[in-house]
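Residue numbers (my numbering): 1 to 446. Glycine included, each C-beta is placed from N, C-alpha and C at the ideal position. Taking it in order: structure first as structure tokens, then the write-up.
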């Protein structure tokens with residue numbers, strides 16, 4: 001990832017520079033040659049921060065109580081492309097964007113291309129780099145600039161109902177073949193129950209499974225972006241899940257919706273391949289199942305492997321137009337590296353810490369959710385998974401559109417009996433066309 005992202009980032013920054021030149025750039029996007037001045041001694045600075053992370057309000061309150069000269073006003077926003085990101089782009093265009101915002105890793109290239117983020121290099125970003133895990137830090141590095149402070153990632157595991165697995169005599173799967181076998185046993189044991197769901201409208205989840213299978217969708221070749229969504233490893237994962245749906249071994253329903261939460265609560269969904277932050281989803285929406293859940297390492301394509309996946313991950317970015325970039329960066333760094341803040345964020349369910357000190361957080365050593373998971377410290381599973389995530393995965397401008405193409409393709413395939421592999425191939429064609437429409441050079445794989 002590090003080499004690919006930096007190369008990709010150089011292209012992004014070059015495109016950004018060309019756009020700024022065409023518009024007669026005025027330096028509002030964080031011109032490194034003319035950094036904004038700090039607040040005067042004794043001056044109190046007020047910052048606005050948009051975020052959807054659960055429990056982040058407590059960390060903001062702690063910051064405000066310990067930093068008398070900086071006040072952060074938190075505005076809760078809805079996650080997703082049609083939620084906070086649409087609002088952010090509109091606010092940037094109108095010139096009234098917040099000082100800081102929650103931006104997922106896959107969205108950062110698009111914001112940089114649109115000149116929406118401040119380069120934090122002039123404000124001492126290099127001095128704090130060592131506080132963070134390198135691969136997460138690199139998510140916000142484009143060319144010679146640093147455009148975001150990493151917050152958390154989402155190493156994955158397999159959440160499962162230990163009580164029902166025991167009752168039905170089902171072995172916890174360690175491979176995807178065993179996962180399918182367990183799914184068959186569950187359907188025979190209880191016709192209402194499924195081992196999990198395939199959410200056709202949440203391709204971020206499928207992307208993480210392609211990642212674990214060995215896919216590598218995006219990168220660069222010289223001056224061109226490469227798109228290889230339909231690589232053999234991804235198609236292997238697509239074929240597997242198509243078969244699971246066709247054979248009625250998993251439910252096909254939207255996740256994070258009322259019906260899905262009800263199924264979790266009533267034992268009609270008895271497993272979930274999800275990220276570390278999934279603990280907060282379960283504890284918050286399936287309270288009656290307290291003590292019944294456990295977490296296992298993610299199933300493997302070949303026995304004995306330890307391949308891991310990542311679902312999610314986000315940063316705290318400083319948006320273009322802020323009058324206080326230095327103070328905004330100070331808050332972003334504190335939020336994501338202060339031990340007390342990290343504990344609060346872990347308890348809220350924000351994901352896996354980007355800060356190196358995060359692995360020693362008290363909230364990971366003595367988790368508040370241990371009773372819900374029958375006394376298991378589930379973070380031990382995610383700590384191992386985090387060490388095995390393939391860091392050679394990168395993103396490109398327009399990932400949200402690529403997700404939507406997959407969403408549309410999977411939904412159509414399920415409704416019409418079409419092929420998941422064809423849906424992936426079609427999504428690749430559409431993604432290439434999207435990039436070309438941005439006047440970017442593209443090479444398609446496959």
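Outcome for residue i when other beta-carbon atoms lying within 10 angstroms are tallied against a minimum of 16
{"i": "residue 310", "result": "buried"}
{"i": "residue 151", "result": "buried"}
{"i": "residue 51", "result": "buried"}
{"i": "residue 437", "result": "exposed"}
{"i": "residue 394", "result": "buried"}
{"i": "residue 242", "result": "buried"}
{"i": "residue 44", "result": "exposed"}
{"i": "residue 69", "result": "exposed"}
{"i": "residue 75", "result": "exposed"}
{"i": "residue 266", "result": "exposed"}
{"i": "residue 46", "result": "exposed"}
{"i": "residue 369", "result": "buried"}
{"i": "residue 299", "result": "buried"}
Backbone CA spacing between residue i and residue j [nearest angstrom]
{"i": "residue 441", "j": "residue 217", "result": "16 Å"}
{"i": "residue 123", "j": "residue 117", "result": "14 Å"}
{"i": "residue 391", "j": "residue 274", "result": "18 Å"}
{"i": "residue 246", "j": "residue 72", "result": "50 Å"}
{"i": "residue 423", "j": "residue 432", "result": "14 Å"}
{"i": "residue 452", "j": "residue 415", "result": "The requested residue 452 is not part of the displayed model; the chain covers only 1 to 446."}
{"i": "residue 320", "j": "residue 364", "result": "35 Å"}
{"i": "residue 261", "j": "residue 285", "result": "6 Å"}
{"i": "residue 314", "j": "residue 120", "result": "17 Å"}
{"i": "residue 308", "j": "residue 349", "result": "20 Å"}
{"i": "residue 206", "j": "residue 65", "result": "41 Å"}
{"i": "residue 62", "j": "residue 256", "result": "30 Å"}
{"i": "residue 222", "j": "residue 166", "result": "54 Å"}
{"i": "residue 406", "j": "residue 427", "result": "6 Å"}
{"i": "residue 235", "j": "residue 263", "result": "29 Å"}
{"i": "residue 318", "j": "residue 305", "result": "39 Å"}
{"i": "residue 396", "j": "residue 191", "result": "42 Å"}
{"i": "residue 153", "j": "residue 211", "result": "14 Å"}
{"i": "residue 169", "j": "residue 413", "result": "34 Å"}
{"i": "residue 209", "j": "residue 283", "result": "24 Å"}
{"i": "residue 134", "j": "residue 316", "result": "16 Å"}
{"i": "residue 189", "j": "residue 182", "result": "10 Å"}
{"i": "residue 49", "j": "residue 130", "result": "24 Å"}
{"i": "residue 445", "j": "residue 323", "result": "43 Å"}
{"i": "residue 90", "j": "residue 59", "result": "27 Å"}
{"i": "residue 232", "j": "residue 215", "result": "8 Å"}
Per DSSP, cross-strand counterpart(s) of residue i
{"i": "residue 221", "result": "224"}
{"i": "residue 300", "result": "175"}
{"i": "residue 149", "result": "316"}
{"i": "residue 333", "result": "Its beta-bridge partners do not exist; DSSP assigns none."}
{"i": "residue 397", "result": "In DSSP, residue 397 forms no bridge with anything."}
{"i": "residue 70", "result": "45"}
{"i": "residue 448", "result": "Any question about residue 448 goes unanswered here, given that the chain covers just 1 to 446."}
{"i": "residue 355", "result": "132"}
{"i": "residue 269", "result": "194"}
{"i": "residue 102", "result": "316"}
Residue i - DSSP class collapsed to helix/strand/coil
{"i": "residue 208", "result": "helix"}
{"i": "residue 118", "result": "coil"}
{"i": "residue 252", "result": "coil"}
{"i": "residue 89", "result": "helix"}
{"i": "residue 327", "result": "helix"}
{"i": "residue 84", "result": "helix"}
{"i": "residue 135", "result": "helix"}
{"i": "residue 46", "result": "strand"}
{"i": "residue 487", "result": "With the chain covering 1 to 446 only, the question about residue 487 has no answer from this structure."}
{"i": "residue 194", "result": "strand"}
{"i": "residue 262", "result": "helix"}
{"i": "residue 235", "result": "helix"}
{"i": "residue 52", "result": "coil"}
{"i": "residue 155", "result": "strand"}
{"i": "residue 77", "result": "coil"}
{"i": "residue 438", "result": "coil"}
{"i": "residue 123", "result": "helix"}
{"i": "residue 276", "result": "coil"}
{"i": "residue 457", "result": "With the chain running from 1 to 446 in the structure shown, residue 457 is simply not present."}
{"i": "residue 443", "result": "strand"}
{"i": "residue 407", "result": "helix"}
Cβ of residue i within 8 Å of any chain B Cβ
{"i": "residue 298", "result": "Any reference to chain B falls outside this structure, which holds one protein chain only."}
Check your understanding: Is the segment 291-298 touching the segment 314-329, taking contact as three or more C-beta pairs under 8 Å?
Key -> Contact between the segment 291-298 and the segment 314-329 is absent, because fewer than three Cβ pairs lie under 8 Å.
Review point. Would you call the segment 394-406 and the segment 101-108 touching, i.e. three or more CB-CB distances under 8 Å?
Key: The segment 394-406, when compared against the segment 101-108, does touch it at the 8 Å Cβ threshold.
Practice item. Answer yes if the segment 335-348 comes into contact with the segment 54-61, meaning at least three C-beta pairs across the two stretches below 8 Å, and no otherwise. Key: Cβ pair count under 8 Å is three or more, so yes.
**Study point:** contact_flag[the segment 333-342, the segment 354-373] where n(CB pairs < 8 Å) is 3 or more
**Key:** Output reads yes: the segment 354-373 touches the segment 333-342.
Check your understanding: Is the segment 377-397 close to the segment 170-180, with three or more CB pairs under 8 Å?
Key -> As far as the Cβ criterion goes, the segment 377-397 does not touch the segment 170-180, which means the pair count is below three.
Practice item. Evaluate contact between the segment 156-172 and the segment 257-272, counting only Cβ atoms and requiring at least three cross-stretch pairs below 8 Å. Key: Contact annotation: the segment 156-172 touches the segment 257-272, with at least three C-beta pairs closer than 8 Å.
Practice item. Say whether the segment 362-382 touches the segment 130-146, bearing in mind that this needs 3 or more beta-carbon pairs closer than 8 Å, one atom from each stretch. Key: Flag = no, the segment 362-382 and the segment 130-146 do not touch.
Review point. Are the segment 191-202 and the segment 371-381 touching, with three or more C-beta to C-beta distances below 8 Å?
Key: Touching, no, given that fewer than three Cβ pairs across the two stretches are closer than 8 Å.
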